[in-house]
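What follows is a set of notes on a single structure, which appears directly below.
Residue numbers (our numbering): 869 to 1356.
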């Protein structure tokens, strides 16, 4: 990629494409230039907001002709600095939030075709009004967009039943690095006509092409959905409870979350209005949140749920449990789980990890890594929670109580990351389960991905984006790229 300085004629060309009001170069642009965690602040040449796929293609063509890098951005809720411009002031921030139309629902085919800027919650509600279910669900669903969800292959709370965003996508519309439009918006579930280009772009974090629309899978609405909160004596018992739930509930098990007592204690401390079940119970170092969907009736769902919990009590897997009596109570329980990251932020700066481990090895991983961290940094506090059903933990590290959190990050973040990721690798896991690589974990990718895998990834990038104008320096290292600006 040539690092040509974008001139006034270049900006004027962008204004001709999208309109003056949608090329922003002055004023407070922090909504686009600062990442969600407010740890990184970059500087864009301009924030460009196209309103159609044709405008996206024209903007990309103009940037390709000028050799100007593009950073695609959806709802800007990512956690790995994958959609934040660098500090150079030479990158165009391409915001896709104006592409927010639902192009159509095919109820007979159980599909929905939508544009990349659609808010996830809007898609859930649109499907619900049609009597159908779009099951992707995560804490940022009120502001994240489906294009970003697909670009990062988002996970969320129902992966155990429905899979990641990749499994929910049948087709894509993508603008290539040359400004061409690939129309792959197929609603087919079987199509073996060559390489699967859809899977190439899903999870590529905007480095291979810009997703502008998608055809997504829908499902029938369940007749009933029940939620339970269970106190468990250990992570070993939590894993055993997961196995029991798989056997007893089958495909009805749609969610299985685990939460450590310290993580829940932060919710109780900073959000006292939320009543956390079994908070402070010394016999229950962990709690589990389970969801059971049933295609028959609420009575049938409750009967199966209670039978499963009865067996769990008999086997000593559960010390106590509550089953939500209505939808409002279920929402309250889920709200507690989803409030953990916010409560942790209230407690202070922390080191976040999004890791996946084979479910069977999670108890040993946690015990081993906890001990290593406590030995290296006495008093460190561990905020452990996540999607146990699919092996994904948010294994976060908080500064010792009454310590200087900013100094803690400055002095220990690199060593903590190295220790945790080495342990993850030793347990055959991944250092990024659902958040992606972005700019934050490029070094980890180079360290832990095999040379063969890295070589293939670089070959794909070179073939599809030879100028390296699409999100350079994210996922794969870009030589000469401006460093990401870190600020605690």
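Ideal Cβ positions, reconstructed from N, Cα and C, are used throughout, including at glycine.
Whose C-beta lies closer than 6 Å to the C-beta of residue i among residues of the same chain, with five residues either side of it excluded?
i, result
"residue 965", "985"
"residue 1219", "1265, 1281, 1284"
"residue 1161", "1090, 1093, 1120, 1122"
"residue 1247", "1268"
"residue 1145", "1097, 1190"
"residue 1071", "1021"
"residue 1134", "1211, 1212, 1215"
"residue 902", "909"
"residue 1345", "1310"
Report the residue from the options whose alpha carbon sits nearest the alpha carbon of residue i.
i, options, result
"residue 1154", "1129, 1043, 1045", "1129"
"residue 1091", "1136, 1169, 1099", "1169"
"residue 1086", "1105, 1057, 1049", "1057"
"residue 1277", "1337, 1309, 1176, 1265", "1265"
"residue 1215", "1136, 919, 1198", "1136"
"residue 908", "887, 938, 1078, 947", "947"
"residue 1271", "1283, 1299, 1245, 1165", "1245"
"residue 1011", "1075, 999, 990", "990"
"residue 1083", "1321, 1132, 1202, 1035", "1035"
"residue 952", "1328, 1317, 1308, 1323", "1308"
"residue 1192", "1186, 1202, 1185", "1202"
"residue 1163", "1088, 1204, 1149", "1088"
"residue 1003", "1015, 983, 1024", "1024"
"residue 1049", "1068, 1033, 1078, 988", "1078"
"residue 1043", "888, 1126, 1239, 1080", "1080"
"residue 1126", "1152, 987, 1116", "1152"
"residue 1142", "1198, 1111, 905, 1288", "1198"
"residue 1289", "1221, 1310, 1346", "1221"
Starting from residue i, trace the alpha helix (DSSP H) in both directions and tell me its first and last residue.
i, result
"residue 1284", "1273-1294"
"residue 1176", "1166-1182"
"residue 921", "921-934"
"residue 1203", "1195-1206"
"residue 899", "898-901"
"residue 1301", "Unbroken run through residue 1301: none, as it is neither H nor E."
"residue 1376", "One cannot answer for residue 1376 here, as it falls past the ends of the chain, which runs 869 to 1356."
Could you check if residue i is buried or exposed, using at least 16 other CB atoms within 10 Å of its CB as the buried criterion?
i, result
"residue 972", "exposed"
"residue 1336", "buried"
"residue 1173", "buried"
"residue 924", "buried"
"residue 1059", "exposed"
"residue 976", "exposed"
"residue 1212", "buried"
"residue 890", "buried"
"residue 1105", "buried"
"residue 1205", "buried"
"residue 1063", "exposed"
"residue 1320", "exposed"
"residue 1340", "buried"
"residue 1327", "exposed"
"residue 1109", "buried"
Hey, could you find the ends of the beta strand (DSSP E) residue i is sitting in?
i, result
"residue 1382", "No information on residue 1382 is available, as it lies outside the stretch 869 to 1356 that the chain covers here."
"residue 1339", "Unbroken run through residue 1339: none, as it is neither H nor E."
"residue 1224", "1222-1224"
"residue 1099", "1092-1100"
"residue 1139", "Taken as a continuous stretch (DSSP letters only), residue 1139 belongs to no beta strand (DSSP E), as it is neither H nor E."
"residue 1039", "1037-1043"
"residue 1266", "1260-1266"
"residue 890", "Premise fails: residue 890 is in no beta strand (DSSP E) and is neither H nor E."
"residue 1053", "Neither: residue 1053 is in no beta strand (DSSP E) and is coded neither H nor E."
"residue 1124", "1121-1128"
"residue 938", "938-941"
"residue 1004", "Unbroken run through residue 1004: none, as it is neither H nor E."
"residue 1245", "Premise fails: residue 1245 is in no beta strand (DSSP E) and is neither H nor E."
"residue 960", "960-963"
So residue i packs on residue j, CB below 8 Å; how close in whole Å?
i, j, result
"residue 960", "residue 913", "6 Å"
"residue 1039", "residue 1055", "7 Å"
"residue 854", "residue 1333", "An answer regarding residue 854 cannot be provided, because it is not within the stretch 869 to 1356 covered by the chain."
"residue 1028", "residue 1100", "Rounded, the Cβ-Cβ distance is 17 Å, inconsistent with contact."
"residue 1236", "residue 1300", "The Cβ separation is near 20 Å, so there is no contact."
"residue 1033", "residue 1053", "Going by Cβ atoms, the distance from residue 1033 to residue 1053 rounds to 16 Å, so no, they are not a contact pair."
"residue 922", "residue 1046", "No, residue 922 and residue 1046 are not in contact; Cβ-Cβ is about 15 Å, not under 8 Å."
Which residues in the same chain have their Cβ closer than 8 Å to the Cβ of residue i, if we skip the five residues on either side of it in sequence?
i, result
"residue 1305", "948, 950, 1073, 1312, 1313, 1342, 1343"
"residue 1230", "1103, 1107, 1256, 1259, 1261"
"residue 882", "891, 914, 916, 927, 930, 960"
"residue 1177", "1096, 1098, 1186, 1189, 1191"
"residue 1226", "1259, 1295, 1296, 1297"
"residue 878", "930, 934, 936"
"residue 1184", "1101, 1105"
"residue 894", "none"
"residue 1351", "Reliability of the predicted coordinates at residue 1351 is poor, the pLDDT of 44 falling under 50, and no value is obtained from them."
Leaving out five residues on either side along the sequence, give the residues of the same chain with a beta carbon under 7 Å from the beta carbon of residue i.
i, result
"residue 1131", "1208, 1251, 1252, 1253"
"residue 900", "912, 915, 941, 944, 961, 963"
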